[in-house]
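One structure below.
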DNA sequence: CTGTTAGCGCATTCAC
DNA sequence: GTGAATGCGCTAACAG
């Protein structure tokens with residue numbers, strides 16, 4: 001075990017030991033200018049001997065380059081699951097490439113005071129906001145600030161706002177076309193409770209209306225059900241739907257717990273997936289999709305894309321104050337896990 | 349909306365506008381020396397006018413006081429649930445009082461390289477490790493380092509290691525005494541799978557053996573079951589136990605999913621809690637305990653205590669290099685949620 | 001290829 | 001009560 005030196009070695013210590021000037025040590029580190037092999041070796045040996053590690057905070061102060069970024073992940077009631085961490089990890093990986101660390105911030109979404117304190121401290125160089133609402137106080141506050149920020153998701157008024165979001169307008173058509181091409185003409189849409197939709201939750205509204213519009217174009221009938229997010233509600237919803245509309249050959253979900261209920265009910269009724277009923281699910285993570293029996297075909301944004309893109313945009317904004325506003329919509333991806341198939345012939 | 353100033357105001361700007369020297373502004377801020385009311389007012393007005401906020405990073409550099417601490421929370425497979433956030437929030441709150449920010453770090457527990465990079469950066473002033481294992485590579489690495497650190501949980505060889513942990517040796521006796529006082533003489537212990545115990549998972553081993561020892565002293569018979577952590581296994585375990593040992597009047601759990609199964613099976617069998625069977629559960633959070641029907645009486649460490657204590661110790665170590673090693677065991681707390689009661693008279 | 005110099009924004013010691 | 005001066009550890013012109 002190495003002896004612990006009394007104090008942190010500094011660049012000056014290294015320079016002295018290597019017999020070069022301070023700045024030469026810096027340049028040897030960054031490679032920003034050519035150094036003779038011999039000098040470089042002496043410096044490296046000195047660094048080793050002293051156990052020298054550069055001090056990022058001092059560097060940040062001097063260079064005025066970003067070194068710490070916050071990711072606001074308001075956890076609220078539901079915690080953070082493994083799929084959420086895709087965002088975080090992707091953002092973190094992207095940041096590390098630039099030598100930037102990620103401060104994961106989990107305060108309540110309404111605790112603007114805490115946010116204000118964080119920002120005022122001058123500790124962080126930028127911030128990414130997750131779980132953005134149609135009207136979001138955090139955005140209002142940050143707009144009054146000099147701090148660069150990017151949102152994952154968008155507010156209603158997104159003027160001059162840099163954001164990354166899923167392109168929900170494309171989700172509906174993608175689903176409809178996939179099913180219509182398989183011959184389905186009558187489908188169920190198991191959506192969120194009415195209250196969620198009415199409160200202006202963007203993803204559901206945009207997806208739902210784009211789906212309806214495309215269904216009309218393709219001559220597909222859609223039966224919309226606003227289901228509470230639990231297993232029992234999903235079971236009941238499916239049972240009622242099939243009674244009322246026996247011609248339904250596919251169920252599209254935007255409600256993970258309810259869809260578990262739908263799958264349970266199908267199993268109870270002896271209906272097979274996808275032979276008797278096709279299943280398609282919006283927005284759930286691969287982990288959630290693989291967890292059920294059978295696994296579900298999904299339409300969503302690949303984990304990590306949003307996090308990575310957000311960090312990329314933020315870095316641009318931090319580095320270049322006059323960088324243009326970027327509003328990015330990530331295209332949806334359909335992952336076929338075998339729960340959709342040709343429409344069965346069914347006696348209406 | 350305020351106009352965005354071209355650049356951040358500095359202390360020098362404030363001093364100039366207020367017509368005082370730089371240091372006077374500093375002292376006005378910290379209150380470290382007397383300032384005339386008149387001067388103070390001028391300074392405060394100047395700060396307001398300029399929208400001045402102190403720059404934490406520069407302050408940290410100059411004062412050499414800690415300003416950023418990492419909390420390593422290896423999320424692994426299971427994600428972060430709301431009760432986990434108790435630790436985080438408690439630590440974060442404690443840190444904020446000292447003007448320290450918390451960097452929540454979720455990299456894999458085995459990614460020592462990433463840890464090395466984080467530490468080498470010189471960005472953080474200390475680190476708290478969660479989910480510590482009996483033999484933990486992170487600890488091995490950090491020991492070779494000058495960076496102050498504290499663990500939540502302890503390694504096998506904890507020489508010169510500062511840690512906070514639950515006092516598992518006290519869990520068993522607390523449970524046994526509680527039940528024995530209620531007249532129970534034959535109980536089941538629904539523990540973790542044998543593999544977990546054999547791999548040297550400290551909490552289970554310590555709790556289990558302290559429970560056995562105290563049971564012997566109090567003349568209580570304990571039937572140990574190593575159950576897989578899922579609902580079905582719990583149901584089966586209870587059914588078999590009651591068949592083999594009908595005299596059992598209480599079930600003690602250290603296995604959240606299995607205990608849900610136990611409760612289900614009791615309900616199916618028409619047995620009431622606590623009239624027919626008492627239930628006591630180790631180590632689960634209040635949220636988990638309240639989630640079941642009926643809610644469960646628990647023995648555990650109050651959420652937040654560990655996080656708060658860990659941060660306190662870390663701050664001490666960062667502030668005072670020669671601070672003594674602290675090894676703290678937090679006492680258990682029994683929270684009675686009504687699932688334990690007097691032992692029923694049962695015909696053996 | 002390498003050294004010198006002047007800061008980054010602030011805390012703090014030493015003067016008055 | 002207040003100001004001047006020095007330095008935290010490093011970067012980045014500006015000089016050779």
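Protein chains in written order, with the numbering used here: chain A, 1 to 348; chain B, 349 to 696.
Idealized CB from N, CA, C, for every residue including glycine.
Just so it is clear, the structure is predicted and the values come from calculations on it, not from any experiment.
At least one beta carbon of chain B lies nearer than 7 Å to the beta carbon of residue 120 of chain A. Within chain A, the residues 146 have their CB atoms less than 7 Å from the CB of residue 356 of chain B, given in chain order. Of the residues assessed, residue 552 of chain B falls on the buried side of the cut-off, its CB having 16 or more other CB atoms within 10 angstroms. Judged by DSSP in its simplified three-state form, residue 621 of chain B adopts coil rather than helix or strand. It is roughly 27 Å from the alpha-carbon of residue 27 of chain A to the alpha-carbon of residue 92 of chain A. Within the segment 174-198 of chain A, the complete alpha helix (DSSP H) segments at least 4 residues long are 194-198, listed from N- to C-terminus.
Under the Cβ criterion of 7 Å, residue 449 of chain B is counted among the residues facing chain A. Proximity of residue 57 of chain A to chain B, defined by a Cβ-Cβ separation below 7 Å, is satisfied.
A direct Cα-to-Cα measurement between residue 290 of chain A and residue 337 of chain A gives close to 8 Å.
Close CB contacts of residue 612 of chain B within its chain, under the 8 Å cut and outside five residues either way in sequence, are with 579, 582, 583 (chain order). Put simply, the backbone Cα of residue 399 of chain B is about 18 Å away from that of residue 406 of chain B. Contact between residue 473 of chain B and residue 415 of chain B holds: CB atoms are separated by about 7 Å, below the 8 Å threshold. If you draw a 10 Å sphere on the C-beta of residue 309 of chain A, you find 16 or more other C-beta atoms in it, and that means buried.
In the three-state reduction of the DSSP assignment, residue 644 of chain B falls in the coil class. Following the DSSP letters along the chain, one finds residue 441 of chain B inside the alpha helix (DSSP H) bounded by residues 432-445.
Judged by their CB atoms, residue 185 of chain A and residue 220 of chain A are nearer to each other than the 7 Å cut-off. Taking C-beta separations shorter than 8 Å and ignoring five residues to either side along the sequence, the partners of residue 218 of chain A in its chain run 176, 177, 180, following chain order. B:678 is the residue among B:620, B:678, B:669, B:661 whose C-alpha sits nearest the C-alpha of residue 647 of chain B. Straight-line measurement puts the Cα of residue 8 of chain A at about 21 Å from the Cα of residue 661 of chain B. Taken through DSSP and simplified to helix, strand or coil, residue 472 of chain B comes out as coil.
Using a Cβ-Cβ cut-off of 7 Å, residue 452 of chain B counts as an interface residue toward chain A, since at least one Cβ of chain A sits closer than that to its own.
In this structure, residue 589 of chain B keeps its C-beta atom at 7 Å or more from the C-beta atom of residue 514 of chain B. Between the alpha carbons of residue 392 of chain B and residue 366 of chain B lies a gap of roughly 8 Å. When rounded, the separation of the alpha-carbon atoms in residue 123 of chain A and residue 131 of chain A is 23 Å. Counting only residues of its own chain and dropping the five nearest sequence neighbours on each side, residue 453 of chain B has a CB closer than 6 Å to the CB of 418, 420. In the three-state DSSP reduction, residue 220 of chain A falls in the coil class, being neither helix nor strand. For residue 409 of chain B, the enclosing alpha helix (DSSP H) stretches over residues 404-411. CA-CA distance, residue 413 of chain B to residue 500 of chain B, rounds to 23 Å. When the alpha-carbon of residue 469 of chain B is set against those of A:99, A:128, A:133, the nearest one is in A:99.
Each residue's CA atom was taken as its position, placing residue 54 of chain A and residue 254 of chain A some 49 Å apart. For residue 315 of chain A, the uninterrupted alpha helix (DSSP H) segment begins and ends at 305-319.
The beta carbon of residue 61 of chain A sits closer than 7 Å to some beta carbon of chain B. Excluding its 5 nearest sequence neighbours in each direction, residue 673 of chain B has C-beta neighbours in its own chain below 6 Å: 508, 510, listed in chain order.
Taking 4 residues as the shortest admissible run, the segment 214-264 of chain A contains the following complete alpha helix (DSSP H) segments, listed from N- to C-terminal end: 231-244. In the three-state DSSP reduction, residue 495 of chain B falls in the coil class, being neither helix nor strand. Contact of residue 433 of chain B with chain A is assigned, a C-beta pair being separated by under 7 Å.
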